[in-house]
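K.L.:
Protein chains in written order, with the numbering used here: chain A, 1 to 403; chain B, 1001 to 1403.
Just dropping this structure here.
Number of protein chains: 2
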Amino acid sequence: MAKAAIMGYGTVGSGVYDIIKTNAEKLSRSSNGEEIELKYILDIRDFDNHPEKELFTKDFNDILSDGEVSVVAEVMGGLHPAYEFTKQLLEAGKSVVTSNKELVATYGEELLAIAREKNVNYFFEASVGGGIPVIRPIHQCLTANNIIRIAGILNGTTNYILNQMIKNGKTFDSALKDAQAKGFAERNPAADIEGHDACRKIAILASLASGKTIDYNDIETEGITSITLDDVKYAAAMDSAVKLIGYAYFNEDGTVYSIVSPMIIKNDSPLSGVDGVFNAILITGDCVGDVMFYGKGAGKLPTASAVVADIVDAVKHRVTSKKIFWEKQTDNVMAHKDSRKFSYFIRTADNAENIRKIFGKCEFVDNIADGESAFVSEPLTQSEADEKTAELRNVITKLRVMD
Amino acid sequence: MAKAAIMGYGTVGSGVYDIIKTNAEKLSRSSNGEEIELKYILDIRDFDNHPEKELFTKDFNDILSDGEVSVVAEVMGGLHPAYEFTKQLLEAGKSVVTSNKELVATYGEELLAIAREKNVNYFFEASVGGGIPVIRPIHQCLTANNIIRIAGILNGTTNYILNQMIKNGKTFDSALKDAQAKGFAERNPAADIEGHDACRKIAILASLASGKTIDYNDIETEGITSITLDDVKYAAAMDSAVKLIGYAYFNEDGTVYSIVSPMIIKNDSPLSGVDGVFNAILITGDCVGDVMFYGKGAGKLPTASAVVADIVDAVKHRVTSKKIFWEKQTDNVMAHKDSRKFSYFIRTADNAENIRKIFGKCEFVDNIADGESAFVSEPLTQSEADEKTAELRNVITKLRVMD
Chain A
1 MAKAAIMGYG TVGSGVYDII KTNAEKLSRS SNGEEIELKY ILDIRDFDNH
51 PEKELFTKDF NDILSDGEVS VVAEVMGGLH PAYEFTKQLL EAGKSVVTSN
101 KELVATYGEE LLAIAREKNV NYFFEASVGG GIPVIRPIHQ CLTANNIIRI
151 AGILNGTTNY ILNQMIKNGK TFDSALKDAQ AKGFAERNPA ADIEGHDACR
201 KIAILASLAS GKTIDYNDIE TEGITSITLD DVKYAAAMDS AVKLIGYAYF
251 NEDGTVYSIV SPMIIKNDSP LSGVDGVFNA ILITGDCVGD VMFYGKGAGK
301 LPTASAVVAD IVDAVKHRVT SKKIFWEKQT DNVMAHKDSR KFSYFIRTAD
351 NAENIRKIFG KCEFVDNIAD GESAFVSEPL TQSEADEKTA ELRNVITKLR
401 VMD
Chain B
1001 MAKAAIMGYG TVGSGVYDII KTNAEKLSRS SNGEEIELKY ILDIRDFDNH
1051 PEKELFTKDF NDILSDGEVS VVAEVMGGLH PAYEFTKQLL EAGKSVVTSN
1101 KELVATYGEE LLAIAREKNV NYFFEASVGG GIPVIRPIHQ CLTANNIIRI
1151 AGILNGTTNY ILNQMIKNGK TFDSALKDAQ AKGFAERNPA ADIEGHDACR
1201 KIAILASLAS GKTIDYNDIE TEGITSITLD DVKYAAAMDS AVKLIGYAYF
1251 NEDGTVYSIV SPMIIKNDSP LSGVDGVFNA ILITGDCVGD VMFYGKGAGK
1301 LPTASAVVAD IVDAVKHRVT SKKIFWEKQT DNVMAHKDSR KFSYFIRTAD
1351 NAENIRKIFG KCEFVDNIAD GESAFVSEPL TQSEADEKTA ELRNVITKLR
1401 VMD
C-alpha cells in the first residue's frame, strides 16, 4: 500500500482524485499490485460537502511530517508556496509529481538535483502537453538518439484561435472572444497569446533534451496578437498554416537555439493539421528521424491522467531515482540568435523591383490585399532579415517559415 | 559496465551496433553513467572484414553461458530459433529486447511470463511502429487510463502505396511496383498488402492494452489489394482518405473487438494526414481522450534506436522486472464480430431507389464512375452490412468508415 497526497484541489487536483477513485483497479494492476491510497488533500478552501471531507487539510505539515506518505502530487500551480513545499517534501525523502510548468521551468534544476540526491523522484509529465506522453518518451524511448530539433504546438488556446481564423475566417479579436466564451482562453489571455506559456514549455523540453538548464528568460518570445486574417489566408494560399511554435534546435557545439514565434508551417508537416485545442510535439532525433506526439494539451482529466501516471511510476520506483535532470553550464548554452537561418514570409507596401534588389532571390505569392507585395525569402539569419526588412517601405508582416 | 549481445547482424542488428558505437556517450548518460559494452554478435554468416570481427560468434552458447552478459538484443527475426534462444536467455536470468513482432505476437504471453518469474525484462518497443515510442507510453504514460480504442496505421508499405494512389493518381499495381523499386515493399509483398504484418502489430498492442492474450489468428484481416483508384477518388471527394487500419476496441465487458481492414478516414482525424512510409497509432483513453504517436515505422536506424532504448532500460532495471505481461483468459476474449457497428461506404451498380429500400437512411456521394451509385450507410453490424449488401446488384466496393 502506497500512501499519497494531493496539494491543490482545483481543476487538475480534483481530476487526480477522480481518477484514483474510479480507476483504482487499473492503477493497482499498473503498480505491480500495490494499491495507492490517498491520505491527504491540501487546500486552503473548505470542502465540507465532499464525500471524503476527512482527507482535507489546510496544514502542509500534516503531509510533510507523515512518514507514511511516499508520493505527493503538487497541482496547486504558481511559484509560491509550491516551490517551498516541493523542496521540503523532496528533502524529506518523498517523491513529488507535478503539472506546474512555471515551477519546473523556474526551479526544475534545483528540485531535480535534490530528488537525485535524496534518491527519490520529481516527475513532471503533465507540465508539458497535458495528457500527451512526451517527457517520459524523450527521456526513455528516444534515449538512444541525439535530439536535433523540437518544434511544438504547445498552447491549445492560441492554436484554437488560429484555427478559428483559418477554418472559419474569424478575425483575431473575434476568435479570442469565442475562445474566452468557450472557456479555452482566460479572461486575461496574455500568458497564452503572448507566448509565455509556450515559452516555459519549450524551456522544459529543451532542458530535458540537452541536460542543460535552458532559462526561459533567454528565449525570444513572440505571440500571435499581430497575426491578421490576411496572414492566415496567405498561408493557406501557400499550402501552409500559421501556428505558434515553441522551437529548439540543438547545435553540435552543444549550444541550443530556441525561440517561440508564430511560423508558417507547410501542409506536408504533421504539425500543420493539428487543429483546435490539440497540442503536438515534433521531435527530430539523429536515429529515429521525425516522431510526433499528439493529444489534448490541457483539461481536467487529460492533465490529471498524466499526473496519476507519474504517481504510479513514483510508487514503482520508490527506492530508485530515475535521475532525470539538467544542470547549469558554466559556458553560455544559448546559441546566438543568428546561428539558425529561416526563410521569411514578408508582406510589404514596397514593389517587386525593390524587393528583388534588397532580398535577391525570393518567391512571390499572389497578393490577397491590394497595394502590397508578398514573398518568401531565401533562408536568412535574424540580423540579415531585420536589416533587409528595414530597407523595405512599410512592412506589414514578417513571419518565419519553419524548416 | 553492462555487457550486451546482439543476435542477428542484418539491417536492424547492424543499426543497433552503429548506435551503440556512435552514441556511446549519450547512452552512458542515459543509463545512469553505466557504460554498455558489446561483447558478442551472433550471426551464421562471416564478417571477416568487420572492424570488430572478434565480437562475432556462430555459437549461441557463447552468449547463453557467459554470466557477464546481462542483456541481449534479438533482432534475427522469424520464429525459430529466435523463440528457443529467447526462452533460454530469459530462463538464464538475462533480459532480452526485440524488434521481432512475429515472435512477440506468437509467444509473447509465454516469454513475458518467464521474464516476470525470473525477475528480468523482455522488452519489445521496436516490434510495433519501428522507432515510434508506443509500447512504453501505453504501459507507463497512459497507465491511469482504461484504453477504449486503438486505431493504427501500422504498416508503412501499404500506407506508401495508398498514398501514391491518393496523391499521384497511380493504380494499385503501379504504386506497388514503385514501392518495390524504392525498397519500401518486398519482392513478395503479401505479408504487407494482405494485412498480416498490421495484424500481428495490432495483436501486440491489444494484448498490451488489455492484459489479455489476443491471438492474431482470431483477428479478421483484410488487405488493400482490392482498393482501386476510383475508391481513393471517392474518399477524397468525401474529404477523407483510405488507410489500412489495425483496429481494436475494448468493450466494458472485458472483450476486445479487433479487425485489420482498409477504412475511410475523415480528414478531421489526425490519422488521415499520415503520409508515405510513416506510421501513426491513435489511442483513446477514458481520461486522456485521443493521443497519437507518429513517426517512421521501419528502417534501420529508427528501429534500432528503439531496440537500443530498450537495452538502456533493461540495464537500468537489471534487478527489477517491469512486469509487462498479458495472460490467456479462460473465457473467450474476442468480442463477436457484430459487437461493433460501422458506417459503410458502398459502390454498386444498383439504383438509388433500391439502395434506399434496402439500407433506409443513407448519404449518397456524387458518382465518379459511370453506371454506379455510391453511398455511406448508417452504422451497421458486420452481419447487417453483409445481409443488406447481398441484396444489392453488383457490389463494387464495401469499405468501413472509421468511427
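Glycine included, every Cβ here is placed at the ideal spot set by N, Cα and C.
(1) For the beta strand (DSSP E) that contains residue 87(A), what are its first and last residues?
(2) Against chain D, does residue 273(A) count as a neighbour if the rule is that its beta carbon must be under 9 Å from one of theirs?
(3) Using a Cβ-Cβ cut-off of 6 Å (strictly less than) and excluding sequence neighbours within five positions of residue 1316(B), which residues of its own chain qualify?
(4) Is residue 1229(B) helix, strand or coil when you go by DSSP?
(5) Which runs of the beta strand (DSSP E) fall wholly inside the stretch 1137-1214 of chain B and span at least 3 residues, in chain order?
(6) Just curious, the beta strand (DSSP E) that residue 1325(B) is in, first and last residue?
(7) Taking residue 1275(B) as the reference, which of 1332(B), 1158(B), 1033(B), 1015(B) has the closest Cα?
(8) When DSSP labels each residue in this structure, what does residue 306(A) get in the three-state scheme?
(9) Would the stretch 377-394 of chain A count as touching the stretch 1014-1030 of chain B if we require 3 or more Cβ pairs under 8 Å?
(10) Can you find at least 3 beta carbon pairs, one from the stretch 1067-1081 of chain B and one from the stretch 1091-1111 of chain B, that sit closer than 8 Å?
(11) Looking at the strands, I want to know which residues DSSP matches up with residue 40(A).
(12) Any contact between the stretch 244-252 of chain A and the stretch 1232-1245 of chain B? By contact I mean 3 or more CB pairs, one from each, below 8 Å.
(13) Is it buried or exposed, residue 1253(B), if we count other Cβ atoms within 10 angstroms and call 16 or more buried?
(14) Can you find the residues in the same chain that come closer than 8 Å, C-beta to C-beta, to residue 1070(B), ignoring five residues on each side of it along the sequence?
(15) Which of helix, strand or coil does DSSP assign to residue 1353(B)?
(16) Measuring straight from C-alpha to C-alpha, what distance separates residue 132(A) and residue 310(A)?
(17) Tell me the rounded alpha-carbon separation between residue 1052(B) and residue 1035(B).
(18) Return the first residue and the last residue of the beta strand (DSSP E) that residue 1290(B) is part of.
(19) Applying the criterion that 16 or more other CB atoms from any shown protein chain within 10 Å of the CB defines a buried residue, is residue 79(A) buried or exposed?
(20) For residue 1060(B), which three-state DSSP category applies?
(21) By Cβ distance below 7 Å, which residues in the same chain neighbour residue 92(A) in space, the five residues on each side in sequence not counted?
(22) What residue does the alpha helix (DSSP H) around residue 1388(B) start on, and which one ends it?
(23) Which word fits residue 26(A), buried or exposed, when buried means at least 16 other C-beta atoms lie within 10 angstroms of its C-beta?
(24) Can you tell which of 228(A), 284(A), 111(A) has its C-alpha closest to the C-alpha of residue 144(A)?
(25) From which residue to which residue does the alpha helix (DSSP H) around residue 116(A) run?
(26) Quick one: residues in its chain with C-beta nearer than 7 Å to the C-beta of residue 271(A), no 5 flanking neighbours on either side, listed in chain order?
(27) Per DSSP, residue 1237(B) forms a beta bridge with which residues?
(28) Measure from the C-beta of residue 1166(B) to each C-beta in chain A and report whether the shortest distance is under 9 Å.
(29) Under the assumption that residue 1122(B) contacts residue 1083(B) (Cβ atoms under 8 Å), give the Cβ distance between them as a whole number of angstroms.
(30) Rounded to whole angstroms, what is the Cα-Cα separation between residue 1128(B) and residue 1201(B)?
(31) With a threshold of 16 other CB atoms inside 10 Å of the CB of residue 1348(B), please say whether the residue is buried or exposed.
(32) With a threshold of 7 Å on Cβ separation, who are the neighbours of residue 1059(B) within its own chain once the five nearest residues in sequence on each side are excluded?
(33) At a CB distance below 9 Å, what residues from the stretch 139-153 of chain A approach chain B? Give them in sequence order.
(34) When the cut-off is 9 Å and only beta carbons count, does residue 1019(B) lie next to chain A?
(35) Measuring CA to CA, which of 1224(B), 1055(B), 1335(B), 1190(B) is closest to residue 1400(B)?
(36) Under a three-way DSSP split, which group does residue 300(A) fall into?
P.N.:
According to the data block:
(1) That residue, residue 87(A), is in no beta strand (DSSP E); its alpha helix (DSSP H) goes 82-91.
(2) Looking for chain D here will not work: the only protein chains present are A and B.
(3) Here the set comprises 1031.
(4) Correct three-state label for residue 1229(B): helix.
(5) Qualifying beta strand (DSSP E) stretches, in chain order: 1147-1153.
(6) Residue 1325(B): not part of any beta strand (DSSP E); DSSP gives it neither H nor E.
(7) Nearest Cα to residue 1275(B) within the set 1332(B), 1158(B), 1033(B), 1015(B): 1158(B).
(8) Collapsing the DSSP output to three states places residue 306(A) in a helix.
(9) Fewer than three beta-carbon pairs drawn from the stretch 377-394 of chain A and the stretch 1014-1030 of chain B are found closer than 8 Å, and the two stretches are therefore not classed as touching.
(10) Judged by Cβ distances under 8 Å, the stretch 1067-1081 of chain B makes contact with the stretch 1091-1111 of chain B, as three or more pairs qualify.
(11) In the DSSP assignment, residue 40(A) is bridged to 5(A).
(12) Flag = no, the stretch 244-252 of chain A and the stretch 1232-1245 of chain B do not touch.
(13) Residue 1253(B) counts as exposed, since fewer than 16 other C-beta atoms from the protein chains shown sit within 10 angstroms of its C-beta.
(14) Same-chain partners within the cutoff: 1002, 1003, 1004, 1094, 1095, 1314, 1315, 1318.
(15) Residue 1353(B): helix per DSSP, three-state reduction.
(16) CA-CA distance, residue 132(A) to residue 310(A), rounds to 12 Å.
(17) Here the alpha carbon of residue 1052(B) sits roughly 18 Å from the alpha carbon of residue 1035(B).
(18) Following the DSSP letters along the chain, one finds residue 1290(B) inside the beta strand (DSSP E) bounded by residues 1289-1296.
(19) Residue environment for residue 79(A): exposed (fewer than 16 other C-beta atoms within 10 angstroms of its C-beta).
(20) Helix.
(21) Cβ within range, chain order: 64.
(22) Here the alpha helix (DSSP H) through residue 1388(B) covers 1382-1391.
(23) Result: buried.
(24) Answer by Cα proximity: 284(A).
(25) For residue 116(A), the enclosing alpha helix (DSSP H) begins and ends at 101-117.
(26) Around residue 271(A): 151, 153, 243, 265, 280, 282.
(27) In DSSP, residue 1237(B) forms no bridge with anything.
(28) So no, residue 1166(B) is outside the interface.
(29) Incorrect: roughly 12 Å between the Cβ atoms, too far for contact.
(30) Distance between residue 1128(B) and residue 1201(B), taken at the CA atoms: about 6 Å.
(31) So residue 1348(B) counts as buried.
(32) Taken in chain order, the list of residues that qualify is empty.
(33) Those residues of the stretch 139-153 of chain A that come within reach of chain B (Cβ to Cβ, closer than 9 Å) are 139, 140, 141, 142, 143, 144, 145, 146.
(34) Closer than 9 Å to some Cβ of chain A, the Cβ of residue 1019(B) qualifies, so yes.
(35) Considering only alpha carbons, the answer is 1224(B).
(36) For residue 300(A), the secondary structure class from DSSP, reduced to helix, strand or coil, is helix.
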